[in-house]
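Q: Residue numbers (the numbering used here): -7 to 127. Using N, Cα and C, we set each Cβ at its ideal position, and we do this for glycine too. On a predicted model such as this, the values are computed, not experimentally measured, just so you know. Mind looking over this structure? Questions follow.
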């Protein structure tokens, strides 16, 4: 009898914890609080595009980065980028090692970012929750 009582109490606690995380609505609170980290990278006014995704934070201003393999067509070497570094001035750099930038972006007029280093090709980076990473 005691084993059954302990099992029921444990199941109730587990269910309550799951409901707390999901706020009873079926959607995770963590998902609701997290803005979209999917971006569309576009070269020279729509001459090519690929997907990049900002991942988990590693340290202050530094996050993991996933770059679609076809981003190489926009800027050779970009497919090696593994880190997104955001500076205090709002600039963003993609790098393979978290330090040396492959490409650096400044905040664009309106929404998103535009690359300034290297000077060519000009790349724009805009939030795109609907683009799949393989695109």
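Where does residue 51 land, buried or exposed, given buried means 16+ other C-beta within 10 angstroms?
A: Sixteen is the threshold: since fewer than 16 other Cβ atoms of the shown chains lie within 10 Å of the Cβ of residue 51, the residue is exposed.
Q: Is residue 56 helix, strand or coil when you go by DSSP?
A: In the three-state reduction of the DSSP assignment, residue 56 falls in the strand class.
Q: Less than 8 Å between the CB atoms is what I'm expecting for residue 115 and residue 67, so what's the real figure, rounded?
A: 7 Å
Q: Let me make sure I understand the geometry here. Which of 69, 107, 74 and 39 has the alpha-carbon closest to that of residue 134?
A: In the structure as shown, the chain begins at -7 and stops at 127. Residue 134 is therefore absent and cannot be evaluated.
Q: Does residue 44 pass the burial test, meaning 16 or more other C-beta atoms within 10 Å, or should it be called exposed?
A: buried
Q: By alpha-carbon positions, which one of 64, 35, 62 and 56 ends up nearest to residue 77?
A: 56
Q: At 3 residues or longer, and completely inside the segment 34 to 102: list those beta strand (DSSP E) runs for me, N to C.
A: With a minimum length of 3 residues, the unbroken runs of beta strand (DSSP E) contained wholly in the segment 34 to 102 fall at 40 to 51, 54 to 59, 75 to 78, 84 to 87 and 93 to 99.
Q: Give the secondary structure of residue 115 by DSSP, where H, G and I count as helix, E and B as strand, and everything else as coil.
A: strand
Q: With 16 as the cutoff for other CB atoms within 10 Å, does residue 112 come out buried or exposed?
A: exposed
Q: Could you tell me the alpha carbon to alpha carbon distance between residue 42 and residue 117, rounded to whole angstroms?
A: 10 Å
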